[in-house]
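Those protein sequences? They're chains A and B, same order as listed. Throughout the first sequence, residue numbering follows numbering that gives the first Met the number 0, covering 0 to 221 in sequence. Throughout the second sequence, residue numbering follows numbering that gives the first Met the number 0, covering 0 to 221 in sequence. A quick write-up on the structure given underneath.
There are 2 protein chains.
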Amino acid sequence: MSGEKNEGGDRSLAEAVADQLREALIAGTFSPGQKLSEQQVAAEYGVSRNTLREAFRFLTSQRLLTYVQNRGVFVATPDAEAVIDIYRVRSVIQRGAVQMATRGHPAFARMHALVLQGREYGASEDWRRVGTINMEFHRAMVSLCDSPRLSSAFDLVLAELRLAFGQLDEGAHLHAPYVSLNENLLTAIESGNAMDAVAELDAYLLKSERGVQAALQRKLSR
Amino acid sequence: MSGEKNEGGDRSLAEAVADQLREALIAGTFSPGQKLSEQQVAAEYGVSRNTLREAFRFLTSQRLLTYVQNRGVFVATPDAEAVIDIYRVRSVIQRGAVQMATRGHPAFARMHALVLQGREYGASEDWRRVGTINMEFHRAMVSLCDSPRLSSAFDLVLAELRLAFGQLDEGAHLHAPYVSLNENLLTAIESGNAMDAVAELDAYLLKSERGVQAALQRKLSR
DNA sequence: GCATATTTGTCCGTATGTATA
DNA sequence: CTATACATACGGACAAATATG
Chain A
0 MSGEKNEGGD
10 RSLAEAVADQ
20 LREALIAGTF
30 SPGQKLSEQQ
40 VAAEYGVSRN
50 TLREAFRFLT
60 SQRLLTYVQN
70 RGVFVATPDA
80 EAVIDIYRVR
90 SVIQRGAVQM
100 ATRGHPAFAR
110 MHALVLQGRE
120 YGASEDWRRV
130 GTINMEFHRA
140 MVSLCDSPRL
150 SSAFDLVLAE
160 LRLAFGQLDE
170 GAHLHAPYVS
180 LNENLLTAIE
190 SGNAMDAVAE
200 LDAYLLKSER
210 GVQAALQRKL
220 SR
Chain B
0 MSGEKNEGGD
10 RSLAEAVADQ
20 LREALIAGTF
30 SPGQKLSEQQ
40 VAAEYGVSRN
50 TLREAFRFLT
60 SQRLLTYVQN
70 RGVFVATPDA
80 EAVIDIYRVR
90 SVIQRGAVQM
100 ATRGHPAFAR
110 MHALVLQGRE
120 YGASEDWRRV
130 GTINMEFHRA
140 MVSLCDSPRL
150 SSAFDLVLAE
160 LRLAFGQLDE
170 GAHLHAPYVS
180 LNENLLTAIE
190 SGNAMDAVAE
200 LDAYLLKSER
210 GVQAALQRKL
220 SR
């Protein structure tokens, strides 16, 4: 008995559709730059164009879709410049997180659990889940700030980054080598030595960004 | 021929309405927590309910309006907790900005010009303009990062803060004492000594936040 | 607690302008 | 250049939820 409409629960239909569309976008269901026809997508999700347009507005403000006047919406295609900018934001926000970290914060427990899970999934070579765990680890790190606004800003760039991953063929196993880096990062933060933690963070981000940029180049030159 | 509709230019009508509404919200036209009726506001702006709802979605995602299921939208009322969070975000982002600042960046010229303008308006006791200049100064500071995403994240919390200002009776002259602080901050950043600059930034933010919180308390206890 | 009026949530039909084949 | 397709925006309609007396 799969509910066809409003499976989201008590959210508005527009938000539910936006959530479903976001998942589809991140999963790489659509090709980058693809045009999303209002009529077609509305029919596909069984909602009216008005409702769909509300959902489109939502996703556009999150940079997952791009609006072109009188032409409609298109799947965003993060390019090299976008990736640079995303990692610039990550650097600023996550540096703030490691410096603001307080001993005994509940987020540490979650980060430890995620490191363990990441190792497990890594052992079974389930790279998709490893990627998800990796994202969650860094979200937990930002939650050290106890700042809803900082967390949602971080979620924004992370969603955009996941969109980029979804558009890369082998996006999932890009996360593979970073499981142990996260572990080092976690111990550095918990040690309380801010300098070490920032250095470890910079190393992670630099390596991660290089991996993404390289994959992006491989895709473009093909 | 003066275009009667879409005076905003080439943006969509929903975005134009959202911009107008944002200005009205920031100017304190509505009372905090006030309910915005779809019918009423749509009639007031001469747009259909569907178009207005798109604009509402936009402003809701910017935290200027609050959505309540089946009850409609209300003017957001930033409370003490929100102000704390906003300044936490400012601290993280602006620390990033002063540390990322590179010598000779064009933003410095703009910041100098804004300091001068601020002094002028301060001399003529035009506190409203002083407030605007102050905001622009800090936006220019963040633009030192050359990061569109960081700038738009900053714009978001700044808009929310301006909404809070608009809801305070004497919001405008809250900015008065900070003209000279901005000047000190600017010279500290340009000196290249990151430690000094961060210290100066912290001093500014602490003082500014205290001013806002105090005004907020005065308003609540009245 | 109930009946009624209001408002939101959603959809449809349609007219107009814009871009593209 | 014309024609087609589509986005834009409007107004009306109705069910469901909420507020009001």
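Where is the CB? At the ideal position from N, CA and C, for every residue including glycine.
Proximity below 8 Å, CB of residue i to CB of residue j
i, j, result
"Ile132(A)", "Leu113(A)", "yes"
"Cys144(B)", "Arg62(A)", "no"
"Ala136(A)", "Gly165(A)", "The question names Ala, but residue 136(A) in the sequence shown is Phe. Not closer than 8 Å, so no."
"Ile85(A)", "Glu159(A)", "yes"
"Arg128(A)", "Tyr120(A)", "yes"
"Val72(A)", "Leu24(A)", "no"
"Ser154(A)", "Arg138(A)", "Before going further, note that residue 154(A) is Asp rather than Ser in the sequence given. Cβ distance < 8 Å, so Asp154(A) and Arg138(A) count as in contact."
"Leu20(A)", "Leu58(A)", "yes"
"Val74(B)", "Gln33(B)", "yes"
"Ser142(B)", "Tyr177(B)", "no"
"Ala196(B)", "Ala202(B)", "no"
"Ser146(B)", "Ser60(A)", "no"
"Thr65(B)", "Val16(B)", "no"
"Ala96(A)", "Met140(A)", "yes"
"Arg94(B)", "Val156(B)", "no"
"Val211(B)", "Leu180(B)", "no"
"Glu53(B)", "Arg52(A)", "yes"
"Pro31(B)", "Thr76(B)", "yes"
"Leu215(B)", "Ala41(B)", "no"
"Ala152(B)", "Ala152(A)", "yes"
"Arg48(B)", "Arg56(A)", "no"
Residue closest to residue i, alpha-carbon to alpha-carbon, out of the options
i, options, result
"Ser190(A)", "Gln39(A), Gln98(A), Glu159(A) and Arg127(A)", "Gln98(A)"
"Ile83(A)", "Lys206(B), Leu215(B), Arg148(B) and Ala158(B)", "Arg148(B)"
"Leu204(A)", "Leu219(A), Leu184(A), Leu35(A) and Ala100(A)", "Leu184(A)"
"Ala223(A)", "Ala79(A), Ser47(A) and Thr101(A)", "What the structure shows of chain A is the stretch from 0 to 221, and residue 223(A) is not part of that stretch, so it cannot be assessed."
"Asn69(A)", "Ala17(A), Met134(A), Ala81(A) and Glu37(A)", "Glu37(A)"
"Met134(B)", "Gln39(B), Ala175(B), Phe29(B) and Ser123(B)", "Ala175(B)"
"Val46(B)", "Glu14(B), Thr28(B) and Arg209(B)", "Glu14(B)"
"Leu167(A)", "Asp18(A), Phe55(A) and Ala26(A)", "Ala26(A)"
Chain A within 8 Å of residue i, Cβ atoms only
i, result
"Val222(B)", "Shown here, chain B extends from 0 to 221; a query on residue 222(B) therefore has no answer."
"Arg148(B)", "yes"
"Phe164(B)", "no"
"Arg138(B)", "no"
"Val88(B)", "yes"
"Ser11(B)", "yes"
"Asp84(B)", "yes"
"Val197(B)", "no"
"Ala79(B)", "no"
"Ala41(B)", "no"
"Gly95(B)", "yes"
"Asn49(B)", "yes"
"Arg52(B)", "yes"
"Ile68(B)", "Checking the sequence shown, residue 68(B) turns out to be Gln, not Ile. True, the Cβ-Cβ gap to chain A drops below 8 Å."
Residue-level contact to chain B via CB, residue i, 8 Å cutoff
i, result
"Asn192(A)", "no"
"Ser60(A)", "yes"
"Arg161(A)", "no"
"Ala75(A)", "no"
"Ala100(A)", "no"
"Arg128(A)", "no"
"Ala152(A)", "yes"
"Val16(A)", "no"
"Gly56(A)", "It should be noted that the sequence gives Arg, not Gly, for residue 56(A). Answer yes: the Cβ-Cβ gap between Arg56(A) and chain B drops below 8 Å somewhere."
"Gly156(A)", "According to the sequence displayed, residue 156(A) carries Val and not Gly. Yes, Val156(A) lies at the interface with chain B (some Cβ there is under 8 Å from its Cβ)."
"Ile92(A)", "yes"
Enclosing beta strand (DSSP E) for residue i [first to last residue]
i, result
"Leu64(B)", "Leu64 to Val67"
"Gly71(B)", "Gly71 to Val74"
Host alpha helix (DSSP H) of residue i (start-end)
i, result
"Gly103(B)", "First-last for Gly103(B): undefined, no H or E at that position."
"Gly130(A)", "Trp126 to Val141"
"Phe29(A)", "Where Phe29(A) is concerned, there is no enclosing alpha helix (DSSP H), given that its DSSP letter is neither H nor E."
Check: residue i C-beta below 7 Å from any heavy atom of the ligand NAD
i, result
"Glu119(B)", "What this structure holds is no ligand at all, so the ligand NAD is not there to describe."
Exercise. What residue ranges within the region 10–60 of chain A form continuous beta strand (DSSP E) runs of no fewer than 3 residues, ordered along the chain?
Worked result: Every candidate beta strand (DSSP E) stretch fails here, since none sits fully inside the region 10–60 of chain A while reaching 3 residues.
Exercise. Which ranges would you report for the beta strand (DSSP E) in the region 146–208 of chain B if only whole runs of at least 3 residues count?
Worked result: Scanning the region 146–208 of chain B for uninterrupted beta strand (DSSP E) segments of 3 residues or longer gives nothing; none is fully contained.
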